[in-house]
Every structure is written in C-alpha cells, then in structure tokens.
Amino acid sequence: MAQAMNETIADDAPRETQVHPVRGFLPDLRFNLVGPGSKPLSEADFRDKVVMMFFGYSSCPDICPTTMAQLSQVMHLLGDDADKVRILFVSVDPHRDTPDKLQAYVEAFDNHAIGLTGSEKQVAELARRYRVAYQIEKPRNNDPNNYEVAHSRGVYIFDGKGKAALLASDSETVEALANGVRPLLTTAR
1467 MAQAMNETIA DDAPRETQVH PVRGFLPDLR FNLVGPGSKP LSEADFRDKV VMMFFGYSSC
1527 PDICPTTMAQ LSQVMHLLGD DADKVRILFV SVDPHRDTPD KLQAYVEAFD NHAIGLTGSE
1587 KQVAELARRY RVAYQIEKPR NNDPNNYEVA HSRGVYIFDG KGKAALLASD SETVEALANG
1647 VRPLLTTAR
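Last residue of the sequence shown: 1655 in my numbering, with the numbers rising by one and none dropped.
Below is the structure:
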C-alpha cells in the first residue's frame, strides 16, 4: 500500500492522515438504488465523476450532519473542480428516508450531493459490499418512527472510472480529503 499522506496540525507536529489508498482492497463502485424523484440510479449515472460515498441517515443527530458539512467544505476547497465530484449519501434507514426527504437533507449541505435509498435488501447488499455495519434499534413508545440507527463511519472515494481509490475516516481534516481527491480528478469530467 502507498504510504499515507502526512499533514501538519495546529502545533506543527506532523500526523499521519486517515486517508488510505484501497485500490485492490475494496470493490469498485456498483449499486442499484433510488435517488431524487424516485429515479433509479446506478454507478453508470456517475461515470466520469469522482464519488465520495458515505453511509448514514437523515435523522442522525451528530455523525451524519458533521460528515456532510465536512464533505461540503471539501467541495468548496475544490473550487471549479467540484463539478467533477459527487457526494453520494446512502441511507441505512430506508423506512424513514424517502427519496425526496433524503435529497432535501443532502442538498441543504451541498448541491453536488445525491441522496440514495432503496429496499432493505438493496441497502443491506450495498452495505455488505463495502463492509459497512449498521443496526436499526427497535421502535420506542409504540411509535414505529421513534428509533435510533447505529452505523459505522467512513468516506469511500472512487475515481472517475468507478475504481475504489481511497477510504477516509469521517474525522479526517477537510484539507486531507481534498488533497486525496485532487489527483483523482484526472479521470473525471
């Protein structure tokens, strides 16, 4: 594996980033889900775009909004090159996250973001493909919509040909993520 990038933090002590090359270790981008307007979408719809994929849910109180804000900041740092990148937010809560609700949620962060959902089986298959763990808790107080979802964290980054390129911690700095994405832009348009 290539050596991880180094970055300087506030006290000028270098630290190893959590952006790791994964080519050959994770499968390439492949899915069949539902996007805005209940339109079926697959990896083919994002050919020639660098993709930053994150699994979460719109009712998440902390991790998901923080990560979406972070990915939006990455897009801002990319400037005009942001048009070559898409953020795919895959919901692990298909019961509450309808396509329109999910798209409204992600667009509040960035207009390059696409919310994706599907059946329980479709979501579970995609999560298994990328080794994403999640668990939907039992509803509370006899309210079928009052429950929490636990999920693993990470940002999966694919080049413009859909090849798995990088896996990043959701706690990585915006600069490190942008620096990881920039070399991939050569495969995007």
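Each residue gets a CB set at the ideal place from its N, CA and C atoms; glycine is no exception.
Beta-carbon proximity check, residue i vs residue j, cutoff 8 Å
i: residue 1582; j: residue 1500; result: yes
i: residue 1516; j: residue 1602; result: no
i: residue 1536; j: residue 1640; result: yes
i: residue 1644; j: residue 1495; result: no
i: residue 1519; j: residue 1554; result: yes
i: residue 1571; j: residue 1524; result: yes
i: residue 1592; j: residue 1556; result: yes
Exposed unless 16 or more other CB atoms sit within 10 angstroms - verdict on residue i
i: residue 1566; result: exposed
i: residue 1560; result: buried
i: residue 1655; result: exposed
i: residue 1652; result: exposed
i: residue 1504; result: exposed
i: residue 1486; result: buried
i: residue 1478; result: Note that residue 1478 scores a pLDDT of 49, beneath 50, so its modelled location is shaky; the value from the coordinates is reported in the next line. Looking at its Cβ environment, which holds fewer than 16 other Cβ atoms inside 10 Å, residue 1478 is exposed.
i: residue 1584; result: buried
8 Å contact criterion, which residue i and residue j should meet: CB distance rounded
i: residue 1558; j: residue 1512; result: Between residue 1512 and residue 1558 the Cβ distance is about 20 Å, and since that is not below 8 Å, they are no contact.
i: residue 1616; j: residue 1600; result: 7 Å
i: residue 1596; j: residue 1492; result: 7 Å
i: residue 1626; j: residue 1549; result: Going by Cβ atoms, the distance from residue 1626 to residue 1549 rounds to 12 Å, so no, they are not a contact pair.
i: residue 1696; j: residue 1649; result: In the structure as shown, the chain starts at 1467 and stops at 1655, and residue 1696 therefore has no counterpart that could be examined.
i: residue 1611; j: residue 1562; result: 6 Å
i: residue 1620; j: residue 1636; result: 6 Å
Which listed residue (the options) has its alpha carbon closest to that of residue i
i: residue 1646; options: 1637, 1631, 1654; result: 1631
i: residue 1638; options: 1556, 1540, 1610; result: 1540
i: residue 1547; options: 1563, 1578, 1570; result: 1578
i: residue 1576; options: 1605, 1533, 1489; result: 1533
i: residue 1528; options: 1614, 1628, 1629; result: 1614
i: residue 1598; options: 1605, 1604, 1590; result: 1590
i: residue 1628; options: 1604, 1509, 1530, 1538; result: 1509
i: residue 1594; options: 1497, 1490, 1488, 1489; result: 1497
i: residue 1586; options: 1607, 1564, 1545; result: 1564
Beta bridge counterpart(s) of residue i as assigned by DSSP
i: residue 1535; result: Partner(s): none; residue 1535 has no beta bridge.
i: residue 1617; result: 1600
i: residue 1637; result: Bridge partners of residue 1637: none, in fact.
i: residue 1581; result: 1555
i: residue 1594; result: Looking at the DSSP assignment, residue 1594 forms no beta bridge with any residue, so it has no partner.
i: residue 1632; result: 1487, 1623
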